[in-house]
Ligand SMILES: [Cu+2]
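In the numbering used here, the protein residues as written are 321 to 502.
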């Protein structure tokens with residue numbers, strides 16, 4: 321019995337101490353959780369909900385009318401906060417970043433990013449995660465700097481849970497992603 325309680329205690333400590341993803345801001349560990357939402361399609365300049373869950377990798381060669389724009393909600397909380405209240409970090413920017421060969425890596429060309437003091441999450445939308453003819457790998461990076469550069473940002477995660485393809489594990493193979501996020 322004593323051992324069972326001990327094991328239960330250790331187990332609950334362990335689950336409390338684990339974040340889905342983790343970032344360090346001002347020397348404090350924060351947890352980050354990404355929830356993918358239904359993707360959108362763009363019709364006459366307006367974004368409408370599709371019935372396809374994000375993230376979607378838009379095949380190379382599709383016309384823009386066929387693109388599904390991915391969107392996600394991101395929750396951030398102090399790792400030691402048992403209530404997991406969303407922690408607003410004003411300077412925090414999370415952005416899609418594509419690794420490509422031969423130094424051609426780049427951030428997404430455009431997307432919508434909302435990080436507001438009175439919201440209980442961060443919202444990312446209008447993300448065209450497009451496939452390239454050569455091998456490439458979409459990731460999410462985060463930064464406190466006012467730019468979306470490789471050198472001033474850190475790796476958050478590989479985007480690999482695409483709902484429209486299932487052989488996604490190989491997409492990011494062979495890229496040396498800096499940073500670790502476990
Ligand atoms: Cu690219």
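No residue lacks a Cβ here, since even glycine has one placed at the ideal position from N, Cα and C. On a predicted model such as this, the values are computed, not experimentally measured, just so you know.
{"Asked": "So does residue 447 have its beta carbon nearer than 7 Å to some heavy atom of ligand 1?", "Found": "no"}
{"Asked": "By the three-class DSSP mapping on this structure, what secondary structure does residue 490 have?", "Found": "helix"}
{"Asked": "Compare the C-alpha of residue 357 against each of 415, 438, 389 and name the closest.", "Found": "389"}
{"Asked": "Which residues mark the beginning and the end of the beta strand (DSSP E) in which residue 446 is found?", "Found": "442 to 447"}
{"Asked": "Name the one or two DSSP bridge partners that residue 392 has.", "Found": "356, 444"}
{"Asked": "My parser needs the beta strand (DSSP E) runs of 3 or more residues fully inside the segment 410 to 462; what are they?", "Found": "413 to 420, 432 to 434, 442 to 447"}
{"Asked": "Consult DSSP for residue 348 and reduce its assignment to one of helix, strand or coil.", "Found": "strand"}
{"Asked": "My output table needs one value for residue 386: the three-state DSSP class, helix, strand or coil.", "Found": "helix"}
{"Asked": "Take the Cβ of residue 392 as the centre, count every other Cβ of all protein chains shown within 10 Å, and call the residue buried at 16 or more, exposed below.", "Found": "buried"}
{"Asked": "Check the DSSP bridge columns for residue 475 and list the partner residues they point to.", "Found": "461"}
{"Asked": "Could you check if residue 455 belongs to the surroundings of ligand 1, using beta carbon to heavy atom distance under 7 Å?", "Found": "no"}
{"Asked": "Considering only the beta carbon of each residue, do residue 379 and residue 481 sit closer than 8 Å?", "Found": "no"}
{"Asked": "Between the segment 442 to 450 and the segment 369 to 387, are three or more C-beta pairs nearer than 8 Å?", "Found": "yes"}
{"Asked": "By Cβ distance, which residues of its chain are closer than 6 Å to residue 438, with the 5 residues on each side in sequence left out?", "Found": "none"}
{"Asked": "Ligand 1 heavy atoms versus the CB of residue 426: any closer than 7 Å?", "Found": "yes"}
{"Asked": "Apart from the five residues just before and just after residue 369, which ones in its own chain have a Cβ nearer than 7 Å to its Cβ?", "Found": "358, 360"}
{"Asked": "Taking the beta carbon of residue 490 as the centre, do at least 16 other beta carbons fall within 10 Å, making it buried, or is it exposed?", "Found": "exposed"}
{"Asked": "Keeping to the same chain, check which residues put their C-beta closer than 6 Å to that of residue 484; ignore five residues upstream and five downstream.", "Found": "376"}
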